[in-house]
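Protein chains in written order, with this note's numbering: chain Y, 2 to 672; chain W, 537 to 854.
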């Protein structure tokens with residue numbers, strides 16, 4: 002009987018073998034089916050293994066492989082936290098592989114996608130399994146590079162090249178931050194294994210520095226504002242099933258890294274760490290969804306919405322840190338479970354939505370929502386599952402998104418007991434930000450679904466769309482079903498998460514399975530409880546009752562006619578509300594402040610036959626305030642240093658001489 | 537035996553809100569008309585309107601999808617379930633624990649989500665303008681409502697409405713600044729959510745100023761009846777919510793005799809009449825504001841909710 006961690010590593014080895022296979026067969030026609038079939042099978046096995054070890058409460062297993070640094074080897078470990086994130090990774094991997102079986106056949110250059118896809122999956126699995134700093138960083142870089150290659154798979158499109166460049170720069174920056182963080186964690190002795198790191202005591206300033214570096218390193222991969230800039234460029238540039246993996250799963254691997262270091266390796270947290278993470282999370286949530294609202298490219302909208310969800314996860318984690326620092330174990334377990342639940346939910350519905358966007362893209366060739374519309378008639382199944390995803394991500398009952406938001410709000414309501422004034426003021430403020438983000442998310446997904454799938458077709462491509470193949474549909478229907486099941490049976494999910502909370506926080510939420518009618522009770526029943534199943538049954542019963550009575554006792558006649566529209570309907574589809582006009586009220590309310598949005602009418606002079614046009618100017622505050630000054634500074638110094646390449650030999654010699662003297666002087670003064 | 541009586545109370549409550557909802561709207565309309573020195577239609581007019589609409593055939597736009605046809609029922613069901621969870625005359629309802637105040641807010645959010653989608657389904661510019669404005673209003677009203685919920689939940693120590701009502705009915709609450717703020721915030725949100733003056737005018741059909749009516753412009757027949765009924769129920773829900781949280785006097789708590797039910801039903805109806813009178817007076821006394829002044833109104837509600845919650849966080853006394 003091999004240990005659970007060995008099983009997972011065998012799965013990784015199989016994925017890497019699939020990569021080799023993909024390179025060997027990349028020109029063959031059957032290669033798409035072989036590779037995705039193989040990754041689907043392997044991911045399914047790995048998922049089953051991870052779920053088993055999570056549910057069976059099995060103990061952590063370790064394994065040291067004699068590869069890597071000679072005196073260190075490679076440590077791997079599978080504990081409850083790793084098992085949960087492995088389940089998330091492999092569920093996403095299995096769904097993406099299933100989707101890829103259909104979607105991959107439309108790929109124009111499969112040899113640029115197929116070898117890297119299993120490698121990317123293997124990289125994400127390895128990061129979660131790694132148990133020493135060297136292995137961790139190596140696997141992290143492997144994951145980043147594999148995903149970078151996938152982003153660049155359509156490298157001839159100009160935007161994609163830029164996306165790949167920005168991604169590479171940000172990924173290197175993030176890894177640098179992680180490297181420094183692990184350097185601090187390993188202490189004076191330079192112990193790289195996580196087990197040794199747990200034993201080291203850190204001074205408060207060291208701990209604060211590690212937290213800051215983790216926020217930079219893991220935060221840039223997860224998409225925390227203001228480190229998110231690469232995400233909306235890179236995620237949509239990849240093929241859609243890879244976008245789903247990057248948004249739904251890779252950001253979660255970054256969340257895993259943050260949890261592993263800050264909750265596990267760093268020792269007891271301080272409450273100020275909680276404040277920082279909480280504020281960053283709240284700001285990220287609101288900024289992410291505002292960006293998403295302003296977007297008209299469907300896949301970029303989804304990428305920005307990922308940023309919002311990451312903000313929600315980090316805000317919950319910040320709450321958990323604050324509770325834990327003050328010794329409120331139950332409340333910390335509640336906030337932590339809410340964060341993990343949201344991680345799981347987001348991997349379900351964001352993968353589903355990216356699959357839907359990919360289906361729209363294959364069917365119409367369009368990502369721009371302003372050229373879509375009316376797809377509900379031509380892609381009925383896709384539009385139905387996309388609607389499920391939209392409802393779930395908008396945190397509406399009875400779907401799963403609501404449950405995690407609800408748990409998080411319950412955690413917020415536990416916080417007046419916290420003793421620090423800073424927390425007393427920030428927690429309700431962040432609670433307000435999260436409530437605002439949830440409401441804006443609903444608006445955003447009304448727009449996303451309404452403009453893409455409803456109304457009349459805005460382009461011939463949307464007019465001629467058709468339903469996608471059954472593999473894509475199967476993957477989307479499966480995820481939609483999971484969204485629904487996690488929404489109506491949340492108690493089972495919370496119970497499955499309890500070993501993770503137990504291992505990381507030291508406490509767990511009360512057992513939910515024993516509650517009557519499968520309802521969930523975070524603290525005690527008189528305080529709060531929620532029952533997704535009953536709410537669903539009530540809504541279904543009330544709606545069926547209404548339908549029955551009306552169709553039985555009142556009229557059931559129907560007549561089709563032209564739309565009323567107060568008597569005048571412009572037959573041109575361009576007269577419909579567009580996405581840009583749909584968000585105009587929200588742009589006026591929030592955008593004028595944050596994006597400095599302004600509207601101008603370009604009115605041609607009399608006699609000119611050009612049409613008048615409405616122009617909207619928006620400024621991205623993060624790019625303009627933060628990144629442009631930094632890049633300009635880099636360019637400035639690069640230009641100056643560039644002149645050093647064109648000196649005469651005498652000047653070079655004098656430079657060498659001056660350097661030597663300066664160094665010697667420095668040495669003399671130092672000693 | 538206890539279970540049966542509990543279920544009976546729950547069913548009675550669900551039927552009561554269903555039966556009373558159109559009457560409440562009728563009473564408000566009548567009072568408004570009287571305040572304007574008009575005679576006004578009978579208070580039973582909303583029932584007649586519903587019956588008339590139910591008997592008519594549905595005229596469906598040619599490119600309306602299935603979503604357009606199921607939305608009226610989903611919306612109605614979500615609002616009805618939410619309304620059934622608000623204690624009107626008795627607390628300790630059988631299914632009260634299945635969803636708390638946050639879930640009620642979210643259920644109303646579901647109803648609005650589908651209604652906003654239906655507004656965009658046919659592809660007319662009126663539907664779009666209505667949906668667009670509705671989601672803007674909701675984007676501010678929903679957080680304001682949630683903050684109000686936080687504030688009340690922190691005072692009562694629970695988000696369960698039954699517990700909140702029982703706690704508020706007890707004498708230990710007293711006057712609190714944060715409660716006052718929460719109440720004003722809730723009233724402002726209620727005005728916005730029910731498309732009342734000063735946010736929206738329920739009586740207008742002047743296209744460019746309407747929000748809710750523009751969104752449902754394409755509906756007719758039984759579909760429109762369901763949506764109208766949903767709107768009546770929503771008004772009833774908000775009024776009941778305000779009554780139950782802030783004025784729960786004479787509400788029957790668990791274990792009381794049948795006589796107390798009679799008293800509390802009477803008290804509830806009396807409170808409804810007072811509330812509709814106040815609403816009518818308020819609506820007559822104010823004017824509708826421009827759409828882009830709405831954020832200021834709702835922003836004030838949001839700030840009040842936040843202030844109330846903050847007060848609870850910094851001090852137990854307020």
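For glycine and all other residues, C-beta sits at the position ideal for the given N, C-alpha and C.
Predicted, not measured: the structure shown is a model, and the values here were computed from it.
query                                                                                                                                                                                           : result
Could you check the C-alpha separation between residue 841/W and residue 432/Y for me, to the nearest Å?                                                                                        : 11 Å
Rounded to a whole number of angstroms, what is the C-alpha to C-alpha distance between residue 458/Y and residue 566/Y?                                                                        : 17 Å
Can you name the start and end residues of the beta strand (DSSP E) that residue 597/W belongs to?                                                                                              : 594-597
Go through its chain and collect everything with a Cβ distance to residue 678/Y's Cβ below 6 Å, but skip five positions before and after it.                                                    : Nothing can be reported for residue 678/Y: it is not among the residues displayed for chain Y, which extend from 2 to 672.
Let me see if you follow: with CB-CB separation under 8 Å, is residue 591/W close to chain Y or not?                                                                                            : yes
How about residue 299/Y and residue 361/Y: are their beta carbons less than 8 Å apart?                                                                                                          : yes
Could you check where the beta strand (DSSP E) with residue 562/Y kicks off and where it finishes?                                                                                              : 559-562
Please determine, among 599/W, 626/W, 570/W, the residue with the shortest C-alpha to C-alpha distance to residue 799/W.                                                                        : 626/W
Whole beta strand (DSSP E) runs in the segment 20-78 of chain Y with 3 or more residues, listed along the chain?                                                                                : 62-66
When you check each C-beta in the segment 709-721 of chain W against every C-beta of chain Y, which residues fall closer than 8 Å?                                                              : none
Once you ignore the five residues that flank residue 397/Y on each side, which residues in its own chain have a CB closer than 8 Å to its CB?                                                   : 403, 443
Taking 8 Å as the CB-CB cut-off, is residue 451/Y touching chain W?                                                                                                                             : yes
I'd like to know whether the C-beta of residue 425/Y is nearer than 8 Å to at least one C-beta of chain W.                                                                                      : yes
Distance check for residue 620/Y and residue 288/Y, CA to CA, integer angstroms please.                                                                                                         : 13 Å
For residue 469/Y and residue 599/Y, which I take to be in contact (beta-carbon distance under 8 Å), what is that distance rounded to the nearest angstrom?                                     : The pair is not a contact, with the Cβ atoms about 40 Å apart (cut-off 8 Å).
When you check each C-beta in the segment 476-499 of chain Y against every C-beta of chain W, which residues fall closer than 7 Å?                                                              : none
Specify whether the segment 299-313 of chain Y and the segment 248-259 of chain Y touch according to this definition: at least 3 beta carbon pairs, one from each stretch, less than 8 Å apart. : yes
Report the neighbours of residue 578/Y on chain W: residues whose CB is nearer than 8 Å to its CB, in chain order.                                                                              : 656, 661, 663, 664, 665, 667, 668
Give the residues of chain W in contact with residue 526/Y, contact being defined as C-beta atoms less than 7 Å apart.                                                                          : 633
On the three-pair Cβ rule with 8 Å, is the segment 62-78 of chain Y touching the segment 31-51 of chain Y?                                                                                      : no
Can you round the beta-carbon distance between residue 580/W and residue 758/W to whole angstroms, since I take them to be within the 8 Å contact cut?                                          : At roughly 20 Å, the Cβ-Cβ gap does not stay under 8 Å, so residue 580/W and residue 758/W are not in contact.
Quick one: is the Cβ of residue 28/Y within less than 7 Å of any heavy atom of the ligand PLP?                                                                                                  : Looking for the ligand PLP in the displayed structure turns up nothing, as the structure carries no ligands at all.
Should residue 636/W go down as buried or exposed, given a rule of 16 or more other Cβ atoms within 10 Å for buried?                                                                            : buried
Within the 8 Å Cβ cut-off, does residue 802/W reach chain B?                                                                                                                                    : Of the chains in the structure shown, none is chain B; the protein chains are Y and W.
Go ahead and pull the three-state DSSP assignment for residue 616/Y.                                                                                                                            : strand
So the beta strand (DSSP E) residue 599/Y belongs to, where does it begin and stop?                                                                                                             : 599-603
Rounded to the nearest angstrom, how far is the Cβ of residue 581/Y from that of residue 524/Y, given a contact under 8 Å?                                                                      : The Cβ separation is near 45 Å, so there is no contact.
Do you know offhand how far residue 705/W's Cα is from residue 785/W's?                                                                                                                         : 6 Å
Have a look at residue 576/W and residue 814/W and give me their C-alpha separation to the nearest angstrom.                                                                                    : 18 Å
Output the residue ranges of the alpha helix (DSSP H) runs that lie fully inside the segment 259-331 of chain Y and measure 4 residues or longer, sorted by chain position.                     : 272-295, 299-326
DSSP has residue 194/Y in a bridge; who is on the other side?                                                                                                                                   : 133/Y
Beta carbon of residue 394/Y, beta carbon of residue 350/Y: below 8 Å?                                                                                                                          : yes
Going by DSSP, which residues form a beta bridge with residue 369/Y?                                                                                                                            : 298/Y
Let me see if you follow: with CB-CB separation under 8 Å, is residue 609/W close to chain Y or not?                                                                                            : yes
Is residue 675/W closer than 8 Å to residue 452/Y when the C-beta atoms are compared?                                                                                                           : no
In chain order, what residues of the segment 558-570 of chain Y put their CB closer than 9 Å to some CB of chain W?                                                                             : 558, 559, 560, 561, 562, 563, 564, 565, 566, 567, 570
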